[in-house]
Structures are given as C-alpha cells and as structure tokens.
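Residue numbers (the working numbering), protein chains in the order written: chain A, 145 to 285; chain B, 145 to 285; chain C, 145 to 285; chain D, 145 to 285; chain E, 145 to 285.
Report on the structure given below.
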Amino acid sequence: MGSIAIEEIKKLEPTAEIIRWTVPGIKDIPGAAKRMIDTYDCDGLIVLGWVGREFVDKLSYVAYSVGIMFVGILTGKPIIDVTVHEDESDDPKELKKIALDRTKKHARNLIYLLKDPTYLTKWAGRGLRQGYPDVGPINKY
Amino acid sequence: MGSIAIEEIKKLEPTAEIIRWTVPGIKDIPGAAKRMIDTYDCDGLIVLGWVGREFVDKLSYVAYSVGIMFVGILTGKPIIDVTVHEDESDDPKELKKIALDRTKKHARNLIYLLKDPTYLTKWAGRGLRQGYPDVGPINKY
Amino acid sequence: MGSIAIEEIKKLEPTAEIIRWTVPGIKDIPGAAKRMIDTYDCDGLIVLGWVGREFVDKLSYVAYSVGIMFVGILTGKPIIDVTVHEDESDDPKELKKIALDRTKKHARNLIYLLKDPTYLTKWAGRGLRQGYPDVGPINKY
Amino acid sequence: MGSIAIEEIKKLEPTAEIIRWTVPGIKDIPGAAKRMIDTYDCDGLIVLGWVGREFVDKLSYVAYSVGIMFVGILTGKPIIDVTVHEDESDDPKELKKIALDRTKKHARNLIYLLKDPTYLTKWAGRGLRQGYPDVGPINKY
Amino acid sequence: MGSIAIEEIKKLEPTAEIIRWTVPGIKDIPGAAKRMIDTYDCDGLIVLGWVGREFVDKLSYVAYSVGIMFVGILTGKPIIDVTVHEDESDDPKELKKIALDRTKKHARNLIYLLKDPTYLTKWAGRGLRQGYPDVGPINKY
C-alpha cells in the first residue's frame, strides 16, 4: 500500500518530497507519526494500516484511532489514515482491490486537503467511498 | 448537510462570517476542526458527519467523538457535532429527513450557545430530539 | 434535573452561588464544563445528562465520560457527573424517580466533596446507590 | 476495602503517612487522584473501586481506566488501581474474598513499586493473580 | 517474556544498556513507561503484557493501549508493545510458543526501528506476523 500511495502522490505532485517509514503494527503508527513530524516537519501524513478480524484487533483499532486523532490535534498537521480490515472480504483478491482503491483515493485526498481545505466541498454529500464504489448522493431521494 | 447548516445559521445570524471545509471522513474532522480554529479563531464550530452501519464505523465514531471532545476542551470553543448513522433507517428518504432535521436544529443550537449559554435552559428536560420528533417532558409522568 | 440539583444544593448551602448552563446533548458537556470553569472559576460542577438506549448512545457515553474525566484532571475541579440511561427502566415514572433520586444524592455528594474530601469515607463500602435503594455493606457477609 | 489497604500498607511501612479520600463512584476517582497528588504530593496512590455488572458500568470502567492512566502519565506517580467487578461472582461472600485478597496484594504491590521498580521482576511470568489463587508459571509447559 | 526480550536484544545489540522493570498488571505499564523514560531517558521501550480472556480484560486492554499511545506521543520515544491474550489458544504450550515468538520478533523490531525507521519498509505488505507464522504478501493475489 505504501508504494501505491507514493505513486499516486507523485502523479499529482511530482516535486513532492516523500518520506516513508514502516512500523510493525497499527499501534506503532501514532508515535511514529509524531516522531516523523518532529523530525521532518512534514506538511501532511498518510498512514496505512492493516487491521485483523479478531475482536482484539478492533480494540487495537480504537486505541490507534484515538492516538492518530491526538497527533493530528497536537501537531496541527493533516493526517489521512487508511485502514483495511481483513474482514471486509473473505476473498484476498477483493481485499487487495479495496486496499488499492482506498489507498489511491486517500492519497489524492491528502493532496487536496493540503492545497485547499475547501476543495473537497464540491464532493460533500455525494456518497463517495474509498475502497468501494461510490453510493451516490442522498439528494437523489 | 453543510449547505443546510449554513442556510440555517444565515437565517438566525445574517451577518455571520462562515467558513466551510470538507474532509474525507469523520476521523479527519477533529484535526481539521483544530486547524480551522487555529487559522481563523472561529467563535464556534458545527461539524457534520456520516457514520456507516458496520461495527468498525461505530468504533471510528467513538475515536472521532473523543477527538472532538479534546478539541473543544483544548480550544475553549463550542463545537456542536452532528452525526447521522446509516443504520438509523433503512429508508434513504427517512435518513435524509433525519439528517436535515438534525442539522437545522443543531445549527440553531450553535447560535443559541454562542449568544447565551443559559438560553437552552428553558428547553431542558423537555425531551427535545434532533433528527426525530420530540418525546416530551419527563415531568408529564 | 437541573432545578432539582439547584434546590438540593441550596438546602445544604443556602449562600452558594450557582450558575446553570444547558447544552444540546451529553457530548457538549465536557467542552461547556471547561468553558464554565474558565469563565467563572467555579469551585465544583455537577453535570446532568440523559443517555439514550441505542448502542451509539452508549458509545457517546464513553466519549463523554472520557471528556469529563479530562476536564476534571486538567482543571483540578471536582465534577460530579450524573447520567440517567433510558434503558434503566421501561416505565417513565420509574425513570423519573431514578433521575430525581440520583440527582439529589449526587448534588449532596458534590457539596460534601467540596467541604471535605474525607467526609464520604464513613459511607464507603456501605453499598450506597444513587437512583436506586442502597444495597447494604459487603461486610454483612 | 480502604481500611484493608491502609492496614496492609501499615504492616509493610509502619511509618508511612497515609491520606484517605472517598468519592461517590469510580468516574470520580481520576480527578480526585489528580487533586490529591496536587495537594499532598503523595509518593504513590492506591485507588479502590467497585464496578457494577451492567454494560454501562463496563463503559464507565473503560473511561475511568483511561482517566487513571492519564493521571499516572501526567503526574509521574505510581497509581495502583484495584477494581472489583460485581459479576466476578454471584456469591457475595466470594466477592468479598476477592475484594480483600486483591486489595491486600495490590497494597503490597504499591509499596514494592515505590521501594524498587525492579522488585517485582522475580515474580514476573509466574501467573500471580490478585483476587484469585495464582495460576502458576507458563514455563512449566 | 522479559528475559527472552533481553536475550534477543543482546544478540542484535550486545552493548545495549537494558533496564527492566516489572509492574503488577497491564494498566500499570503506561505510567511506569513514562517514569522509566523520565528517569533514564531510554532510547526506546519494549513493554510486555499478558491479557486475560474476560470482557473486562479486553476493556483494560483498550485503556492500556490508549495509555501506551499517549506515552509514545508525549515522549517521542518508540514503544513496542507486546501483548499475549489468554484466549489466543486453549493450549498453554501453544500460548507459550506464541508469547516467545512474538516477544523475539518484536524485540528485533524495536532494534530495527531505533537504528533506522525505514528499515522495515522492505518487509511491509508481506503479511509478517508476530506470534504466528507469516501469512504471505497480498501481492501474490
């Protein structure tokens, strides 16, 4: 997922300086995100994580999410977090497709957010999904 | 939901200066709320989010809620958070109705809170609901 | 519940200066509590909330509780939080009784805590309940 | 449970200065712990709580636990938290036994931690339990 | 688990200075981790915990995880957390095997992270597991 995100960012921002770190599990991400911001003063982060299907994995996901939220609040840097949950599909091919689609769309979202936080407004309420086909706007009802 | 909130705020406060940002998902809201307050020193915020029906969406909702709470505590700014949960109804029309009603009422609540934090006291314990019809006061029993 | 709490506090502390704010929902309480302490430097707070019976209401309750805890830790002010959960009874009369009893007892607890944090020690382990009849001390076994 | 803890601490540290506060419920503990440390600059704390058997009690337990963790992190003081859960046994006598055993063992643990944080190493991985008989070391397998 | 972790670290970093503390339960770890960093200014930490099979143990695990995340964010130090959950297997021999494998692999991960946060990138997306056999890369699909 990391190389896909980098590729996508390079497409939109060919001159972007990208730093990639890898940690063992999702609970290692918030601390590493904070250290990366402290070290490189990055403009923004995209963090990519894989979440297992067990109940304990979901609890780790909550703690991880609270951690990511704190780093974003404390540092003032946009952090887009992309997680793929193993139980989103029993078919590994489908899971891979979800992971790639979500990673690409969120990599673009990070660039949009960094350029202009009002940019995504035109897509609000359109039922856009990352990892799945879009569900369409609620206004059609 | 964003345009509905803006419309409603404009009705009560025609001269209010309103800034609208859009982020990809609910977990991006707390960080963005903090950045918006840091950038514009807004008097208050209304944040609008759509929450899926899966268990993981609910866990994201908890983390998001903790994040929103922190931003409110750290910045001292009123942040009204409006979420609509996809499993509140299986009927998209009903869901849209809930979203609109809740957004309007909470947009008004934000203005009331900003003008006078004692304003809502006369409605306390009346069983007022946002998104649904009011349930009435417990004092009738 | 607000007026009951005020009445009860006035009984124990007739000269107490009481400020009452009202917010739309429980997740608005921690931020408002922080702002009230910042504005008035209150000696202590009693916060009163109504929690729905849905799973999402319970998740909001967790986030709210974490928020209240933070405000208490950060400000150093005693904050007694009183919540009534709609699923504590299917009978609205019973629910009202629970709400009143819990509010009164916790209003008194706030005063006791403010006067002397050792005051409640004589009641520790006695199985006192707020909202329900006391269950008695475990020492009787 | 408070008097048991005090007794046990006095046995190991006859000259220890002990301050005891009592609060209405477990969610009042983190704030009170912070205030006690701010007031008395205690070397360490043991906090004792009783947790109900309902789902909402368990949610309060999570929030309480996060709160305790924060106080420990922010103050740098060891805080041993002892909770007894009403659903650990349907037999009040058994529950009392659990509460007493856990309180005594954790009171001792507090003293050990304060004297020397390496002290408990010799008991690590031995399957020691507080409130229940020890389960034995995993190394026997 | 502590001695296994030390052994493994010594293999990769024979001159590493290692400090080992032991606390009664997982909820005591975040505070102790913070105190250890404050006292010794350690470069990194590996924390090892055993989690019971009850629902309340899982709730303690969430609170613990949030606590660990905060310590990592606040101190800027890498903290690898290793937990073994009693319900990962009913066979104590299997459980021991999981604990040893996970501890060894994460001890190595800590060293890698400390030496170079980009080091693990070559293993990203390979489906590596700690405690279990690796599941292989998603790219094979």
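All residues carry an ideal CB built from backbone N, CA and C; glycine is no exception.
As the structure is a prediction and not an experimental result, all values here were calculated from the model.
Among the bridge pairs identified by DSSP, D/Ile223 is matched with D/Leu189. Legend: CB atoms of the segment 223–247 of chain A lying less than 8 Å from CB atoms of chain E belong to residues Pro236, Lys237, Leu239, Lys240, Ala243. Our two residues, C/Val191 and E/Thr247, have alpha carbons roughly 45 Å apart in a direct line.
Bridge partners of B/His229 according to DSSP: B/Val195. By the criterion of a C-beta distance shorter than 8 Å, B/Ile181 is surrounded in its chain by Leu189, Val215, Thr219, Lys221, once the five residues flanking it on both sides are discounted.
Burial check for A/Ile242: the Cβ neighbour count within 10 Å reaches 16 or more, so the residue is buried. The closest CA to that of B/Gly175, considering only A/Leu257, A/Gly271, A/Lys249, is found on A/Leu257.
Nearest to C/Lys171 by C-alpha distance, out of C/Lys202, C/Thr183, C/Leu156, is C/Lys202. Only residues of its own chain outside the window of five on either side were considered, and among them Arg246, Lys249, His250 have a CB closer than 6 Å to the CB of B/Gln274, listed in chain order. Contact with chain E is absent for D/Val191, since none of that chain's Cβ atoms lies less than 8 Å from the residue's Cβ. Shortest Cα-Cα distance from D/Leu244 to any of D/Ile217, D/Ile212, D/Trp194, D/Val279 involves D/Trp194. D/Tyr205 and A/Lys154 have their alpha carbons spaced roughly 46 Å apart. Residues of chain D with a Cβ closer than 9 Å to the Cβ of E/Asp182 are, in chain order, Gly220.
Under the Cβ distance rule, C/Pro174 counts among the residues neighbouring chain B, one pair being separated by less than 8 Å. Straight across, the Cα-Cα distance linking D/Trp267 with D/Lys240 is about 25 Å.
Between B/Arg164 and A/Thr265, the C-beta gap is smaller than 8 Å, which places the two residues in contact. Using a Cβ-Cβ cut-off of 7 Å, B/Met145 is close to nothing in chain C; its nearest Cβ partner there is about 16 Å away. With contacts defined as CB atoms closer than 8 Å, A/Gly269 and B/Met145 qualify as a contacting pair. Comparing alpha-carbon positions, the option among E/Lys237, E/Gly280, E/Ile162 lying closest to E/Asp185 turns out to be E/Ile162. For D/Leu254, the enclosing alpha helix (DSSP H) starts and ends at 236–259. Out of A/Ala160, A/Glu232, A/Ala177, A/Asp260, the CA that lies nearest to the CA of A/Met213 is found in A/Ala177. Among the CB atoms of chain D, one or more fall inside 8 Å of the CB of E/Thr166. For E/Ser204, no CB of chain A lies under 8 Å from its own CB, so it is not counted at the interface with that chain. With a threshold of 16 other beta carbon atoms within 10 Å, C/Ala149 meets it and is buried. Residues of the same chain with a CB within less than 6 Å of the CB of C/Thr227, apart from the 5 flanking positions on each side, are Gly193, Val195 in chain order.
Separation of B/Tyr276 and B/Ser233 (C-alpha to C-alpha, rounded to the nearest whole angstrom) is 12 Å.
The C-beta separation of A/Asp235 from A/Arg197 comes to about 14 Å, leaving the pair out of contact by the 8 Å criterion. Annotation for B/Ala207: Lys171 place their beta carbon closer than 8 Å to its own, counting only its chain and skipping 5 residues before and after. Going by C-alpha positions, B/Gly169 is about 39 Å away from D/Pro168.
Interface with chain A (8 Å Cβ-Cβ cutoff): E/Leu264 is included. Per DSSP, the unbroken alpha helix (DSSP H) holding A/Pro174 starts and ends at 173–184. Pairing B/Gly280 with C/Lys237, the inter-Cα distance amounts to about 14 Å. In the three-state reduction of the DSSP assignment, B/Val167 falls in the coil class. One alpha carbon belongs to A/Thr166, the other to E/Ser147, and they sit about 26 Å apart.
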